[in-house]
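Here the structure comes first, spelled out in structure tokens, and everything after it is commentary.
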Amino acid sequence: MRIGIDGRYIQDHFPGIGRYTYSLIEALARVAGDESFIVLHNPALRNTRYDLAALARHPNVTLVTVDVPTFALAEQTRLPGVVRRLRLDVLHSPYYIKPYLLPCPSVVSLYDLIAARYPQYLPSPWARLAFAVTTRLAIATARRLITLSAASRRDLVELYDVPPARVAVTPLAADERFQPIEDVAILEAVRRKYALPEHFVLYLGSNKPHKNLVRLVEAWFQVSRSKFQVATASDVKRGTWNLELVLAGHWDSRYPQAQQKAAELGLGESIRFLGDVAEADLPALYNLATVFAFPSLYEGFGLPPLEAMACGTPVVCANTSSLPEV
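Positions 3 to 328 (my numbering) are the ones given, in order, by the sequence shown.
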């Protein structure tokens, strides 16, 4: 069977979807040796995170270059012809903006329905209209839908009247590299690289509104004001406060509210905004954290808390959407 996978989303603009797609291809190549996986990719799209050449070393994986950007009309006009020439039996699209008229059956991954549950988070009426149209097209034209949690499947059924039998739930798992690290040299190298303190609370993710970071900053302000209630005995004796809040992950300049709130509350010395961090450093970052905090209002799955737990780090997590499943 010739299985096509749209790998154009393995790029820096889609850190979460890129990781999902790359990991999926890598795992399928290991366990489905009798199948052929044809991965469409566009080398013009910036990708500093994932080694596509390593994927191509699997004997049943073939990379095919397609000069088609994401979010472009060419997805609809040119990709169907590429699929036809490659004689694909099925195409898996890891994003809902996909070629809708294909010569073969298609499967689409829908991770969450944040924009449907919280339309106010989209920046404009045009963005809300585009999401509504493209999501309904994806649902209507795909043979099967993949989502990551029972919560997301419920949303598909309730909001779009999708028959439950059309939706396959495939929960994620933490990659095997996320585990406790005993090598102090590895940990200290990452600590020095990001100038991390001895004790810190970590958040890893984007700064989009549903991540609830303004509330996290406000909560941190309350914690810092009652510092002697949570500081260690030696800290109390010295009269010092040695715990910091470290926020890491892809930062979208459209949503500066968390930084603004931190400045408003005067939290400059006890809160750090790292921005993007290297994929290779994530296991050590989780291991170094005293606690991992994840206050998101809505997640299609919520992989970071699972990765933190796999590394042995205590997690403080919201009790919403799919997160109780995790």
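Just so you know, even glycine gets a beta-carbon here, dropped at the ideal spot from N, CA and C.
Legend entry - Cβ shell of GLN78 (< 8 angstroms), same chain only, five flanking positions each side left out: Residue numbering aside, residue 78 sits at position 76 when the sequence shown is read from its first letter. Here the set comprises PRO101, TYR102 and LEU103.
Legend entry - Contacting residues, own chain, Cβ-Cβ under 6 angstroms from ASP157 (five flanking each side not counted): Residue mapping note: residue 157 aligns to position 155 of the sequence shown, counting from 1. Once the five neighbours on either side are set aside, the close Cβ partners of ASP157 are LEU115.
Inset, instruction - Report the partner residues of LEU42 according to the DSSP bridge assignment. - result: Position 40 of the sequence shown, counted from the start, is the residue given in the question as residue 42. Beta-bridge pairing links LEU42 to ASP8 and VAL66.
Legend entry - Outcome for GLN224 when other beta-carbon atoms lying within 10 angstroms are tallied against a minimum of 16: Start at 1 with the first residue of the sequence shown, and residue 224 comes out as number 222. By the 10 Å Cβ count, GLN224 comes out exposed.
Legend entry - Supposed close pair GLY6, HIS94 - CB separation, criterion 8 angstroms: To locate residue 6, count along the sequence shown from 1; it is residue 4. To locate residue 94, count along the sequence shown from 1; it is residue 92. Between HIS94 and GLY6 the Cβ distance is about 7 angstroms, and since that is below 8 angstroms, they are a contact.
Legend entry - Cβ shell of PRO166 (< 6 angstroms), same chain only, five flanking positions each side left out: As a working mapping, residue 166 is identified with position 164 in the sequence shown. Hits under 6 angstroms: VAL159.
Inset, instruction - Could you give the DSSP three-state label for TYR205: helix, strand or coil? - result: Position 203 of the sequence shown holds residue 205. Three-state DSSP puts TYR205 in a strand.
Legend entry - Contact check, GLU327 vs SER111, beta carbons under 9 angstroms: Residue 327 sits at position 325 when you count from the first residue of the sequence shown. Residue 111 sits at position 109 when you count from the first residue of the sequence shown. No, the Cβ-Cβ distance between GLU327 and SER111 is not below 9 angstroms.
Legend entry - Beta-carbon proximity list for GLN13, same chain, < 7 angstroms, skipping 5 on both sides: Counted from its first residue, the sequence shown places residue 13 at position 11. If we look at GLN13 and ignore the five residues flanking it on each side, its Cβ neighbours are GLY20, LEU47, ARG48 and ASN49.
Legend entry - DSSP-derived helix/strand/coil call for GLU246: Here the question's residue 246 lines up with position 244 in the sequence shown. Strand, per DSSP.
Inset, instruction - Quick one: give me the first and last residue of the beta strand (DSSP E) that THR149 is part of. - result: Position 147 of the sequence shown, counting from 1, holds the residue named residue 149. That run of the beta strand (DSSP E) goes 146–149.
Inset, instruction - Would you check if the stretch 243–253 and the stretch 275–290 touch, i.e. whether three or more CB-CB distances between them fall below 8 angstroms? - result: yes
Legend entry - Neighbourhood of GLU301 by C-beta distance below 7 angstroms, restricted to the same chain and skipping five residues each side: For the purposes of this step, residue 301 is taken as the residue at position 299 of the sequence shown. If we look at GLU301 and ignore the five residues flanking it on each side, its Cβ neighbours are ASP114, SER323, SER324 and LEU325.
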